[in-house]
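Take any residue in the sequence shown, note its place counting from 1, add 79, and you have its number in our numbering. C-beta atoms are modelled at their ideal positions from N, C-alpha and C, and glycine is treated no differently. In this text the structure is predicted, and so the values were computed from the model without any measurement.
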Amino acid sequence: MNPDTPLLEVRGVTKRYGTVVANDHVDLSLHRGEVHALLGENGAGKSTLSKIMYGFTRPDSGEIFVAGNPVELHSPRDARALGIGMVFQNFMLIPALSVLENIALFLTDLPPIVRRDAVEKRIREFAARFDLGVDPSAQVRQLCVGEQQKIEILKLLLARARVLILDEPTKVLAPHEVVALFRVFEALKADGYSILFITHKLREVLACADRITVMRQGRVAGGFGPGEADMQRLVTMMFGDGGGGKPAEKAVSPPLQHGALPVLELRGASSRALGSETALEGLNVRIGPGEIVGVAGVSGSGQKELGDLILGLRRLAGGSKWFCGVDASSWTIARMRQSGVAFVPEDPLVMAAVPGMTVRDNLVLGTGRRYWRGATIDWRSLESAMTDSFAALAFPVPRLDAPMGALSGGNLQRAVIAREMAHEPKLIVALYPTRGLDVRSAASVRDLLRRVRNGGGGVLLISEDLEELAEMADRLLVLYGGAIAGEFARGAWQAEEVGRLMTGSRELAHA
């Protein structure tokens with residue numbers, strides 16, 4: 080094969096869903112030995128394009144080429160047979176099985192009777208070659224997210240993939256794990272692999288990408304070669320207006336209201352583990368009026384359980400919970416919500432929406448009886464309030480009669496956030512509120528959280544993005560294994576230090 084021939088290429092790819100054009104005559108190529116970053120705001124068409132390249136979705140028109148040859152991809156099996164692999168945001172692993180067993184289940188070239196030593200030898204060879212060290216005998220459920228991601232990459236390499244499509248691979252990684260992933264990229268590039276890196280983190284793109292393609296409204300807006308891009312040029316190409324939107328709120332924290340009752344306080348709060356969930360152990364958490372408390376931790380450290388405990392989804396096994404000076408340990412979810420607690424969960428589609436109902440119907444959920452007039456709902460008042468909330472966030476208003484489940488992940492996140500922020504909450508519990516949002520939408524969410532803080536409300540911000548936490552949080556808590564591993568004031572911590580605490584390496588951190 081000519082070395083200049085792309086390993087994977089799409090030409091003129093178009094995909095429509097009804098009247099919506101998700102991809103409009105898209106051209107994209109992935110060459111041997113490069114990291115090609117794919118950027119774009121929510122709804123730009125990145126996910127649709129990656130699904131087409133992996134055989135999940137068939138285009139309405141256009142061509143796909145592998146190593147210069149035209150192909151048709153009817154399924155991911157076809158893509159894998161041609162050397163195309165994909166690592167999804169949600170890993171496809173079986174927690175109860177070992178690393179070796181998970182990889183063996185993915186391989187199609189094994190004999191009827193599998194020799195474990197032969198599979199283990201292959202795993203160790205590839206792991207050593209590409210700096211992907213994992214223990215083949217380890218149980219997946221015992222591994223951190225970074226190690227699980229290594230397994231997903233090893234699965235593809237052992238299955239002879241030469242093109243790797245990675246969808247938001249750094250979203251749940253600690254800083255030193257991101258650095259380790261980029262070292263893996265370099266090793267793969269040196270061996271001629273091609274990597275499509277889909278992400279919203281522009282600094283990471285600038286740090287590791289050889290080429291960058293930007294999509295906007297289903298089309299390719301343009302691209303950059305090595306050394307051509309900077310932050311402002313990327314934002315301008317993504318949005319066409321340099322980011323637009325309202326001016327950002329000042330990042331400076333207002334003075335805390337000394338002596339004022341905390342908006343929320345957990346005193347020695349504990350909860351039991353349910354199934355594979357994480358038990359919480361003796362948490363002491365205080366959120367004052369006019370304060371943003373950030374929470375850092377790798378996936379599975381207790382972030383979801385903390386949010387559930389505050390909202391009332393999870394019962395206390397010990398300790399107490401106080402809201403605005405009142406013992407709220409036994410309060411129901413409805414009472415917490417009616418008292419002024421807004422909640423943005425980590426999985427809005429599962430936790431905060433009913434996919435089969437319309438956007439309009441979903442917007443009235445969680446608002447209690449605010450819009451009820453006797454036995455009917457005042458839809459006009461609801462739509463007016465929600466339109467104002469979307470406008471405050473600089474979000475476009477989705478079609479209100481569309482099914483909620485038909486929205487893209489980012490647009491669904493926008494709708495949930497607009498609903499939760501519509502009524503001046505006293506406390507916002509936000510788990511990864513900017514995850515999956517483009518740069519402009521994420522900035523709007525951060526601005527609104529600051530406005531709530533500046534207006535005397537409390538914010539609990541759980542995020543895997545340490546840059547976001549450094550920008551937003553007045554205090555930072557680090558969770559590990561359901562306990563608080565460290566606490567820092569604004570400006571009194573470094574990413575490497577926090578990253579070590581996040582992954583349990585306490586002896587390497589200096590609290």
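If I follow the unbroken beta strand (DSSP E) through A552, where does it start and stop? Position 473 of the sequence shown holds residue 552. For A552, no beta strand (DSSP E) encloses it, and the DSSP letter there is neither H nor E.
What is the DSSP secondary structure of T455, counted as helix, strand or coil? Position 376 of the sequence shown, counted from the start, is the residue given in the question as residue 455. Reduced to three states, the DSSP call for T455 is strand.
Can you tell me which of L388, R452 and L540 puts its alpha carbon nearest to the alpha carbon of I412? Numbered from 1 along the sequence shown, position 333 holds the residue referred to as residue 412. Closest option to I412, Cα to Cα, is L388.
For V257 versus A217, is the C-beta spacing smaller than 9 angstroms? Reading the sequence shown from its first residue, position 178 is the one you call residue 257. Reading the sequence shown from its first residue, position 138 is the one you call residue 217. Not in contact: V257 and A217 (Cβ atoms no closer than 9 angstroms).
Tell me, please, whether the segment 150-164 touches the segment 236-248 by the rule of three or more beta-carbon pairs shorter than 8 angstroms. yes
Are R137 and H115 close, meaning C-beta to C-beta below 9 angstroms? Looking up residue 137 in the sequence shown gives position 58. Looking up residue 115 in the sequence shown gives position 36. Not in contact: R137 and H115 (Cβ atoms no closer than 9 angstroms).
For K280, three-class secondary structure by DSSP: In the sequence shown, the residue the question calls residue 280 occupies position 201. DSSP places K280 in coil when its eight states are reduced to three.
Looking at the structure shown, is K94 part of a helix, part of a strand, or coil, going by DSSP? Stepping through the sequence shown from its first residue, residue 94 is reached at position 15. In the structure shown, K94 sits in a strand (DSSP, three-state: E or B).
Taking the alpha helix (DSSP H) that D440 belongs to, which residues open and close that run? The sequence position of residue 440 within the sequence shown is 361, counting from 1. Where D440 is concerned, the enclosing alpha helix (DSSP H) stretches over V438 to V443.
Who does Q218 pair with in a DSSP beta bridge? As a position in the sequence shown, residue 218 is number 139, starting the count at 1. Paired residues: S177.
Secondary structure of M171, DSSP reduced to three states: Taking the sequence shown and counting its residues from 1, one reaches residue 171 at position 92. Reduced to three states, the DSSP call for M171 is coil.
So, does the segment 468-482 touch the segment 510-526, judging by three or more C-beta pairs under 8 angstroms? By the C-beta criterion, the segment 468-482 is judged to be in contact with the segment 510-526, since at least 3 inter-stretch pairs fall below 8 angstroms.
Contact check, A552 vs R525, beta carbons under 9 angstroms: The count along the sequence shown starts at 1 and reaches residue 552 at position 473. The count along the sequence shown starts at 1 and reaches residue 525 at position 446. Taking 9 angstroms as the Cβ cut-off, A552 and R525 do not qualify as a contacting pair.
When the Cα of D157 is compared with those of S140, L172 and I131, which residue comes out closest? Indexing the sequence shown from 1 puts residue 157 at position 78. For the residues S140, L172 and I131, the minimum Cα distance to D157 belongs to I131.
For the 8 angstroms Cβ check, are there 3 or more pairs between the segment 265-279 and the segment 93-112? yes
Which complete beta strand (DSSP E) runs does the segment 331-385 hold, if anything under 3 residues is left out? At a cut-off of 3 residues, the continuous stretches assigned as beta strand (DSSP E) that sit fully inside the segment 331-385 are 343-350, 359-366 and 370-375.
Would you check if the distance between the CB atom of F261 and the CB atom of C223 is smaller than 9 angstroms? As a first step, residue 261 is located in the sequence shown; it is residue number 182 there, counting from the start. As a first step, residue 223 is located in the sequence shown; it is residue number 144 there, counting from the start. For the 9 angstroms CB-CB criterion, F261 and C223 do not form a contact.
Reference A375, options G302, L235, P305 and L540, closest by Cα: Along the sequence shown, read from residue 1 onward, the residue named residue 375 stands at position 296. Of G302, L235, P305 and L540, the residue nearest in Cα terms is L540.
Hey, quick one: how far does the beta strand (DSSP E) through F567 stretch, first residue to last? Looking up residue 567 in the sequence shown gives position 488. From DSSP, the beta strand (DSSP E) with F567 extends over A562 to A568.
Could you say which of R298, E307, R282 and Q296 lies nearest to R290 if we only look at CA atoms? Reading the sequence shown from its first residue, position 211 is the one you call residue 290. Of the residues R298, E307, R282 and Q296, the one whose Cα lies closest to the Cα of R290 is E307.
So the candidates are G225, A431 and V443; which of them puts its Cα closest to the Cα of G484? Translated into the one-based positions of the sequence shown, residue 484 becomes position 405. Closest by alpha carbon: A431.
Do you know whose CA, among A501, P512 and V263, lies nearest L491's CA? Here the question's residue 491 lines up with position 412 in the sequence shown. Of the candidates A501, P512 and V263, the one whose C-alpha sits nearest the C-alpha of L491 is P512.
Compute the Euclidean distance between the alpha carbons of L86 and V100, then round it to the nearest angstrom. Mapped onto the sequence shown, residue 86 falls at position 7. Mapped onto the sequence shown, residue 100 falls at position 21. Those two C-alpha atoms are separated by around 27 angstroms.
Could you compute how far the alpha carbon of Q382 sits from the alpha carbon of V531? As a working mapping, residue 382 is identified with position 303 in the sequence shown. As a working mapping, residue 531 is identified with position 452 in the sequence shown. Approximately 22 angstroms, taken between the alpha carbons.
If the criterion is Cβ atoms closer than 9 angstroms, does the pair E344 and E384 meet it? For the purposes of this step, residue 344 is taken as residue 265 along the sequence shown, with counting starting at 1. For the purposes of this step, residue 384 is taken as residue 305 along the sequence shown, with counting starting at 1. No, the pair does not count as a contact, with Cβ atoms beyond the cut-off.
Spatial neighbours of P333 in its chain, beta-carbon cut-off 6 angstroms, leaving aside the 5 residues before and after: Numbered from 1 along the sequence shown, position 254 holds the residue referred to as residue 333. Here P333 scores only 48 on pLDDT, less than 50, and its place in the model is too uncertain to base an answer on.
Can you tell me whether T136 is helix, strand or coil according to DSSP? Here residue 136 refers to the residue found at position 57 of the sequence shown. Correct three-state label for T136: coil.
Quickly, what does DSSP pair H255 with across the bridge? List them, please. For the purposes of this step, residue 255 is taken as the residue at position 176 of the sequence shown. DSSP lists no partner for H255.
Can you check which of these residues, A352, N181 and V438, is closest to L32 by C-alpha distance? Here the chain has residues from 80 to 590 only, and residue 32 is not among them.
By alpha-carbon positions, which one of F135, R439, A259 and S408 ends up nearest to W458? Residue 458 sits at position 379 when you count from the first residue of the sequence shown. Answer by Cα proximity: R439.
Candidates A494, G391 and T292, of which the one nearest L117 by Cα: Numbered from its first residue, the sequence shown carries residue 117 at position 38. Ranked by Cα distance from L117, the first of A494, G391 and T292 is T292.
Just mark P326 as buried or exposed, buried being the case when its beta carbon has 16 or more other beta carbons within 10 Å. Here residue 326 refers to the residue found at position 247 of the sequence shown. The predicted position of P326 is uncertain, since its pLDDT is 37 and thus under 50; no value can be drawn from it.
So what does DSSP say about N148, is it helix, strand or coil? Mapped onto the sequence shown, residue 148 falls at position 69. The answer is strand: DSSP assigns N148 an E or B state.
Rounded separation between D480 and N441 - CA only: Locating residue 480 in the sequence shown gives position 401, counting from the first residue. Locating residue 441 in the sequence shown gives position 362, counting from the first residue. The straight-line gap from Cα to Cα measures roughly 10 angstroms.
Would you say G453 and K505 are within 9 angstroms of each other, going by their C-beta atoms? In the sequence shown, residue 453 corresponds to position 374, counting from 1. In the sequence shown, residue 505 corresponds to position 426, counting from 1. No.
Taking the beta carbon of M316 as the centre, do at least 16 other beta carbons fall within 10 Å, making it buried, or is it exposed? The sequence position of residue 316 within the sequence shown is 237, counting from 1. With 16 or more Cβ atoms within 10 Å of its Cβ, M316 is classed as buried.
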